[in-house]
Amino acid sequence: MVSITFIQPDGAAQTVQATEGDSVMQTALNNNIAGIFAECGGAMMCATCHCYVEDDWSAQTGPKSDGEDDMLECAETEVTDASRLTCQIKVTPDLDGLVIRLPAELS
Ligand code: FES
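Oh and the sequence shown: position 12 is 69 in the working numbering, straight run, nothing missing.
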């Protein structure tokens, strides 16, 4: 199992166990993580699974694809260099200890 910590905009953290081969989005849904809606079910067509990958983990999660970058432009939350779609991050043993931050709602 792989541990992933999700941190809410208010700082509340929840560490869960992920299954290799699942996406980080699926892991979030399985554990009722607030802020991950995944309306398209992981088809990279909604950006409601937007997150920020903590700096130290960007090498392990890899680069965004061009399609992911395009979809992030549709996100309704602030997009930064750390932005990823959780449906596009596959859980591997290398991600044990991964830290994911959830975006705040834009007002
Ligand atoms: Fe829709 Fe990730 S779940 S883009």
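All C-beta atoms, glycine included, are put in the ideal place defined by N, C-alpha and C.
Item	Value
Rounded to the nearest angstrom, how far is the Cβ of Thr-134 from that of Glu-77, given a contact under 8 Å?	28 Å between Cβ atoms; not a contact.
Would you kindly report the start and end of the unbroken alpha helix (DSSP H) that includes Ser-122?	Where Ser-122 is concerned, there is no enclosing alpha helix (DSSP H), given that its DSSP letter is neither H nor E.
Shortest alpha-carbon distance to Ser-122 belongs to which of Cys-144, Trp-114, Asp-113, Asp-79?	Cys-144
Rank Leu-155, Ile-61, Pro-160, Asp-113 by C-alpha distance to the C-alpha of Leu-129 and give the top, closest one.	Pro-160
Does DSSP put Val-81 in a helix, a strand or coil?	helix
Given this structure, state the Cα-to-Cα distance separating Glu-111 from Ser-60, to the nearest angstrom.	14 Å
How far does the beta strand (DSSP E) with Val-148 in it reach, from first residue to last?	That residue, Val-148, is in no beta strand (DSSP E); it is neither H nor E in DSSP.
So Thr-118 packs on Arg-141, CB below 8 Å; how close in whole Å?	7 Å
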